[in-house]
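The listed protein sequences derive, respectively, from chains A and B. Heads up: the first sequence at position 330 corresponds to 339 in my numbering, and the numbers run straight through without jumps. Heads up: the second sequence at position 416 corresponds to 425 in my numbering, and the numbers run straight through without jumps. Note that CB positions come from ideal geometry on N, CA and C, so glycine has one too. All figures in this text were calculated on a predicted structure; none of them were measured in a lab. Encoded as structure tokens, the structure appears first; notes follow it.
2 protein chains.
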Amino acid sequence: MTEDLLTHDEQLEHLVDGGDGEGCSALLESLDAPDAVHAVSSLGEDGRARLLTLLDPETAADVVEQMPWPQAVTAVSMLDVTAAAAIVNELPSDKRADMIGALDEDAAAAIVAELAHEDAADVRRLTGYAGDVAGGLMVTEYLEYSVSATIGEVIADLGENAERYADYEIQYGYVTDESGQLVGVLRMRDLLLSPRSRAVRAVMIPSPESVLDTSPLAELVTFFDDHGYFGVPVVDSAGRLCGVVRRSAIEAAVAEDRDGVYRRSQGIVGGEELRSMPILVRSRRRLSWLSVNIVLNIFAASIIAMHQDTLEAVIALAVFLPIISDMSGCSGNQAVAVSMRELTLGVIRPREIGRAVLGELSMGLLNGFVLGLLIGLVALAWKGNPALGLVVGGALMLNTLIAVLVGGSVPLLLKRLGFDPALAAGPILTTVTDMCGFMLVLTFASLALPALTG
Amino acid sequence: MTEDLLTHDEQLEHLVDGGDGEGCSALLESLDAPDAVHAVSSLGEDGRARLLTLLDPETAADVVEQMPWPQAVTAVSMLDVTAAAAIVNELPSDKRADMIGALDEDAAAAIVAELAHEDAADVRRLTGYAGDVAGGLMVTEYLEYSVSATIGEVIADLGENAERYADYEIQYGYVTDESGQLVGVLRMRDLLLSPRSRAVRAVMIPSPESVLDTSPLAELVTFFDDHGYFGVPVVDSAGRLCGVVRRSAIEAAVAEDRDGVYRRSQGIVGGEELRSMPILVRSRRRLSWLSVNIVLNIFAASIIAMHQDTLEAVIALAVFLPIISDMSGCSGNQAVAVSMRELTLGVIRPREIGRAVLGELSMGLLNGFVLGLLIGLVALAWKGNPALGLVVGGALMLNTLIAVLVGGSVPLLLKRLGFDPALAAGPILTTVTDMCGFMLVLTFASLALPALTG
Chain A
10 MTEDLLTHDE QLEHLVDGGD GEGCSALLES LDAPDAVHAV SSLGEDGRAR LLTLLDPETA
70 ADVVEQMPWP QAVTAVSMLD VTAAAAIVNE LPSDKRADMI GALDEDAAAA IVAELAHEDA
130 ADVRRLTGYA GDVAGGLMVT EYLEYSVSAT IGEVIADLGE NAERYADYEI QYGYVTDESG
190 QLVGVLRMRD LLLSPRSRAV RAVMIPSPES VLDTSPLAEL VTFFDDHGYF GVPVVDSAGR
250 LCGVVRRSAI EAAVAEDRDG VYRRSQGIVG GEELRSMPIL VRSRRRLSWL SVNIVLNIFA
310 ASIIAMHQDT LEAVIALAVF LPIISDMSGC SGNQAVAVSM RELTLGVIRP REIGRAVLGE
370 LSMGLLNGFV LGLLIGLVAL AWKGNPALGL VVGGALMLNT LIAVLVGGSV PLLLKRLGFD
430 PALAAGPILT TVTDMCGFML VLTFASLALP ALTG
Chain B
10 MTEDLLTHDE QLEHLVDGGD GEGCSALLES LDAPDAVHAV SSLGEDGRAR LLTLLDPETA
70 ADVVEQMPWP QAVTAVSMLD VTAAAAIVNE LPSDKRADMI GALDEDAAAA IVAELAHEDA
130 ADVRRLTGYA GDVAGGLMVT EYLEYSVSAT IGEVIADLGE NAERYADYEI QYGYVTDESG
190 QLVGVLRMRD LLLSPRSRAV RAVMIPSPES VLDTSPLAEL VTFFDDHGYF GVPVVDSAGR
250 LCGVVRRSAI EAAVAEDRDG VYRRSQGIVG GEELRSMPIL VRSRRRLSWL SVNIVLNIFA
310 ASIIAMHQDT LEAVIALAVF LPIISDMSGC SGNQAVAVSM RELTLGVIRP REIGRAVLGE
370 LSMGLLNGFV LGLLIGLVAL AWKGNPALGL VVGGALMLNT LIAVLVGGSV PLLLKRLGFD
430 PALAAGPILT TVTDMCGFML VLTFASLALP ALTG
């Protein structure tokens, strides 16, 4: 069996089993990011941890950066402290702090103790920030110069540290005074046009824009919307420079955020789920969402239980109850999605519920009419009873209107009350529309009972 | 009534009504991006078009860039050709091409005819690209130098055009030969350390990484995963430099893509919907999704219709049918979301359906057991009939297993067949789980009929 006949996944597995670190390095180096991620992910939990021990720390850190985050955390947590610290040490400052923050407390402390003094202090500072504020999104790899330096000194520094700065974004250097306060920004291209004996102070742009380390993601999005910059310096409450947030980091955080909205709307709660995670953790998290839903469902279905006599008289209604429940859910969820989008774009504010209601009113009348007519005709065609068509069609008509009005307003209301609309809008919507839908069908039916049974 | 008592929205409306362009400029300038977006959006369609005519073209272009895209396109399409062209001319190259591409053909041609020759050629070239390939995501604002130039000439150019380059990312300059082929990349910081008489050829990094103008978004994501760069040059099939794709543009495109996944999963199809769009367009798009769903729903409910006699005998079952339908949908959608996430992260491939099924098998058994037990106990408690509990609980147990297996595999299958999983997974899932769920409950019930009615 030659290596060529094996998939990348199998090749990596062989190399890990054989303890061939150099082979692993060479293979991973040769693969595109998606193939590498897939091969590493296919190794399983123990294989991933073993792989990290076989690689040199720098390569291992690259692999950790590429892996899905829950896998990376688990793998690092399985290593001994020295090996883990060596890898964590090679991560960029933001990822390093994220990793330390994700490990359990004892492991984190042990790893931090192994780091160089300055790095350890950095990590302690960064792990103090939430992941969605400037402090948690910034990197500490940036160029910092003293306001009293000369252009010549800056250029000399750039030359001497070219290798270390290779991964830095060096469009700008940041200028601080003796207390560490940000006082200016130095455009690197201005260096080109300045005599080397000139002071940084004379060339820098004074009083630059900055953001506070505690600024939330939404504020950073606004900042980058307002400014064309590729990065912004981050200062603490005393005005001291503590990092740089890059535009691409904000865009990436927004992408993750949007992905989270989708997942939570589908009932994936309590954080990301990968099938490589322990089944009991996965099951418990999914059940925490399902158990709320089943209670709400039983609650809604109790409406049907209360109208059993009507249902007994017109058993055909039982066919339409799930249709009305599901279709109203569909209509309502469309309105939820539009409100979520308008909130994201900022064209609607959480308190402007009237505006959402107005925007859904004609929609509900129009789509309710079309859907109600359709289902009414189906009912008529099936049983040849116009009263059944009227009851079922009328109920869906009215309930579609209710669904879009509720769907349009619930995300705004939840947002206003500080709840997560992605998580809660769906269950609330379906409970309300189920209850109203069942009630409408069965009430209409009990009113029209003679015509239905006649 | 003083201006202070008015909201920003009302102030802007007053200024637009009064034709006060300078006032509008000043107000918008003073507002944060979200407040500005909200105020502009509140103006309504005619107000937004009028606002653009009142502002100078540069400010108008900034406003167009901030507005939600459908609003921007509508507003520009309402302007006369000269006004529209002046604004389009001030947009950055990527947005300019997007706008021209979004307008109807005649308007677009008229506007392009008003642009400067070079810009018009640029636009024609850029609009030829789809929005999700490198050509559609790149900007044409970049530094390009001839391989035969000297460092001194580059520095002189930077100095002379400092203002024009203000919005450029100038960490790198791109070096081309006489035929326009990309032959090197010039790190701007290397300029600092090179004698001015030196040739660009001697300082540049030769044979730089680049992407093809036809590279799709997924490939660009991979590229930036593999490389730490902030931008990458884009070349055509002949190797000629035609633009630069920035990392932040890719991250932003990914964020939009994720948002689209959420919206399509909730039934917002045919592109973005804002409530400011015409009601008939909005209604038609939503109905296109709802009509598919209602047909599938009727199809699924026909299972109930075929078992009317069983239902007639045990009317209590009608209460549980919507619960089983909804809960199976919830369980299945969780599995859909996990498969979507694993596809995004690259830990699973579309053909690895077996892996998804395996990952959901124990989940389905576990959660099915819990949910089935729960609903079974509720049924037992309600009617005091153990057979009813067994029928309903057993059906939900089994159907939960079916739901997670279908939910886990359908996104992979759709992806493999080239369909959009976000759009199609939901309806397919609920149709299958509804049919199976109804069938299970009613078949179990007909088998246990003596015990249920006894």
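Item	Value
Length of the line joining the Cα atoms of A390 (chain B) and L383 (chain B)	11 Å
Against chain B: residues of the stretch 299-311 of chain A by CB proximity under 7 Å	L299, N302, I303, N306, I307, A310
Expected contact under 8 Å - CB spacing of S102 (chain B) and D131 (chain B) to nearest Å	6 Å
Local conformation of I277 (chain B) per DSSP, three classes	coil
DSSP state of T62 (chain B) mapped onto helix, strand, coil	helix
Contact set for S224 (chain A): own chain, Cβ-Cβ below 7 Å, skip 5 residues either direction	V142, A143
Segment limits, alpha helix (DSSP H) that includes V415 (chain B)	395-425
Test: D55 (chain A) CB closer than 7 Å to a CB of chain B	no
Cβ-based burial, R295 (chain B) [other Cβ within 10 Å; buried from 16]	buried
Beta carbon of V25 (chain A) nearer than 7 Å to that of G53 (chain A)	no
7 Å Cβ cut-off: residues of chain B touching C33 (chain A)	None at all; the shortest Cβ gap to chain B is about 17 Å.
Anticipated Cβ contact below 8 Å, L202 (chain B) with G182 (chain B), distance rounded	About 15 Å; that fails the 8 Å criterion.
Spatial neighbours of R256 (chain A) in its chain, beta-carbon cut-off 6 Å, leaving aside the 5 residues before and after	F233, F239
Between the CA atoms of L449 (chain B) and V400 (chain B) - distance to the nearest angstrom	8 Å
C-beta atoms of N376 (chain B) and S292 (chain A) nearer than 7 Å	yes
Residues that DSSP places opposite I307 (chain B) in a beta bridge	In DSSP, I307 (chain B) forms no bridge with anything.
7 Å Cβ cutoff met for P79 (chain A) and L283 (chain A)	yes
S467 (chain A) at chain B interface by Cβ criterion, 7 Å	For residue 467 (chain A) there is no data in the structure shown, the boundaries of chain A being 10 and 463.
Contacting positions in the stretch 161-172 of chain B - beta carbon closer than 7 Å to chain A	I164, L167, G168
Exposed unless 16 or more other CB atoms sit within 10 angstroms - verdict on G355 (chain A)	buried
A208 (chain B) (DSSP reduced to helix, strand or coil)	strand
Best match in B:E127, B:G145, B:E123 for proximity to A106 (chain B) [C-alpha to C-alpha]	B:G145
Proximal residues to S274 (chain B) (C-beta, below 7 Å), its chain only, five neighbours per side dropped	A431, G435
For P242 (chain A), the three-state DSSP class (helix, strand or coil)	strand
The alpha helix (DSSP H) enclosing S86 (chain B), as first and last residue numbers	78-86
7 Å Cβ cutoff, Y271 (chain B) in contact with chain A	yes
K424 (chain A) to D335 (chain B) span [Cα, whole Å]	25 Å
Supposed contact pair I357 (chain A) and A365 (chain A) - C-beta distance, whole angstroms, cut 8 Å	6 Å
P101 (chain A), DSSP secondary structure in three states	coil
Under 7 Å between C-beta atoms of M76 (chain B) and V49 (chain B)	yes
L160 (chain B) vs R205 (chain B) beta-carbon contact at 7 Å	Looking at the sequence itself, residue 160 (chain B) is Ile, so the reference to Leu does not match. Yes, they are a contact pair.
Cβ-Cβ separation, L112 (chain B) to V85 (chain B) (assumed contact under 8 Å), whole Å	7 Å
Exposed unless 16 or more other CB atoms sit within 10 angstroms - verdict on N170 (chain A)	exposed
Chain-ordered residues of the stretch 184-199 of chain A with a beta carbon less than 7 Å from chain B	M197, R198
Nonlocal neighbours in the same chain, by C-beta distance under 7 Å from I164 (chain A), ignoring five residues either side	L200, R205
DSSP beta-bridge partners of S155 (chain B)	B:T185
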